[in-house]
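Below: the structure, in structure tokens.
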Ligand code: CTP
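Residue numbers (our numbering): 3 to 417.
Below you can see the structure in the form of structure tokens.
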């Protein structure tokens, strides 16, 4: 992979406004106006500044403030008629309007006592200290949007230089120890922004894997990361990096990408349903390995079912007995199998669709009139007519009648 050079866009509050969709722009404007009376300092921080620098649309608006964000959130919501959620314990608040969200957080330092623990948070930190607790240099950049320093870019770790040079650099050596899910974040960011991890980042990743930091991460958090990776614009690239770095195998040994899975996901555009990606990754695994990986990931029932069904679809043959067990397979499962083994699955799945459309030539009423008794024999007769029609052994209602007379009536109904 060659290192990418990015041309950065000039970062300023007005450029930020322009990069936002109209609703988020109203949220930002309301936030800035609400601080005028109080003189509260506000910074856009992390993702929005990074994406603005890259000239990408800014989707999520994250603002940091040096004071309690709750009154500010209330003031913004009052101006716009929006909804507020506050988490006083964590010093965070959000304002939601028309499905758009502004996140406000008090600047903080964090201290992690053990791997993947919830951090103990200390509020009232400087913006520089707040940036220092973050994951990667490209995310440790802030833009002041209020106060006398309005327009000032705070970039203590060279995040913009790294962004321009296409580098993903871990902010501090214990970043992955604090939060091992940052390895998943690294895969997403590197794939999305075409960044290449620096050597110290690669070393930190290898150490995090060697010291089994993932063992301390809950299934719920792993599934969240998995789903976010599936939702990336280039999920195949994200999963390929996570595989190459050993992150998938460290999450669970059965998650490593096979060459078929890698081909299946390459060039697919996201967001993809995480159930579909899970099915692609696990359909070729033995049952026990698949079940263990599903449990470790905390995958919801629907995703687990997609993976199990995909395994059955892959293993099926185009005969009615096999196809009958597949009719309940989910759409994700069928698609995963098709992506994994396109040549064989095209025929198998068209056979499956034909099987699903095939109806017996005769109805139960006609079968009764022919002398088939009510009860299991009637069900068997219908199933047999469907099967014989699918196999093209019975091609008309007349032949179907003869078939029934021979098999279910002349023999009596003792079958
Ligand atoms: N962050 C972090 N460690 C994490 C999660 C988040 O340091 N495990 C920091 C990063 O500075 C990040 C910010 O919190 O920029 C906000 O997190 P989030 O909204 O999840 O990330 P974004 O950078 O906005 O990225 P995305 O575009 O993927 O949403």
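Backbone N, C-alpha and C define an ideal beta-carbon position, used for all residues, glycine too.
Since this is a predicted model, take the numbers as computed values, not measurements.
Short of 7 Å from the beta carbon of residue 164, and not among the five residues preceding or following it, lie these beta carbons of its own chain, in chain order: 139, 140 and 171. Taking the Cα positions, residue 149 is about 35 Å away from residue 196. Secondary structure note for residue 96: its beta strand (DSSP E) is the uninterrupted segment 94–99. Apart from the 5 residues on each side of it in sequence, residue 175 sits with its Cβ closer than 7 Å to the Cβ of 206 in its chain, given in chain order. If you draw a 10 Å sphere on the C-beta of residue 208, you find fewer than 16 other C-beta atoms in it, and that means exposed. Taken through DSSP and simplified to helix, strand or coil, residue 287 comes out as coil.
If you check the CB distance, residue 147 and residue 44 come in under 9 Å. The beta carbon of residue 212 sits no closer than 8 Å to any heavy atom of ligand 1. Distance from the CA atom of residue 72 to the CA atom of residue 82, rounded to whole angstroms, is 15 Å. Residue pairing of residue 310 in beta bridges, as defined by DSSP: absent, with no partner found. The stretch 297–314 and the stretch 348–355 do not touch, with fewer than 3 CB-CB distances between them shorter than 8 Å.
Not one heavy atom of ligand 1 lies closer than 8 Å to the C-beta of residue 151. Taking C-alpha positions only, residue 304 is separated from residue 280 by approximately 11 Å. Spanning the alpha carbons of residue 349 and residue 325 requires a straight line of approximately 12 Å. For residue 64, the pairing in a beta bridge is given by DSSP as 105. For residue 37, the enclosing alpha helix (DSSP H) starts and ends at 24–38.
Spanning the alpha carbons of residue 220 and residue 228 requires a straight line of approximately 13 Å. In the DSSP assignment, residue 85 forms a beta bridge with 98.
Assignment of beta-bridge partners to residue 111 by DSSP yields 124. Between residue 106 and residue 75, the beta carbon gap of about 6 Å places them in contact (Cβ cut-off 8 Å).
By the neighbour-count definition (other C-beta atoms within 10 Å, threshold 16), residue 42 is a buried residue. Here residue 117 carries a coil assignment [DSSP, helix/strand/coil]. In the structure shown, residue 265 adopts helical secondary structure according to DSSP, grouped into three states. Following the DSSP letters along the chain, one finds residue 247 in no alpha helix (DSSP H), marked with neither H nor E.
One alpha carbon belongs to residue 182, the other to residue 216, and they sit about 6 Å apart. Residue range 333–342 is occupied by the alpha helix (DSSP H) that includes residue 337.
For the pair residue 308 and residue 332, the Cα-to-Cα distance works out to about 6 Å. In the three-state reduction of the DSSP assignment, residue 199 falls in the strand class. Residue 232 counts as buried, since at least 16 other C-beta atoms from the protein chains shown sit within 10 angstroms of its C-beta. Taking the Cα positions, residue 79 is about 6 Å away from residue 85.
When the five nearest sequence neighbours on each side are left out, the beta carbons in the same chain lying within less than 7 Å of the beta carbon of residue 351 are those of 336 and 340, in order along the chain.
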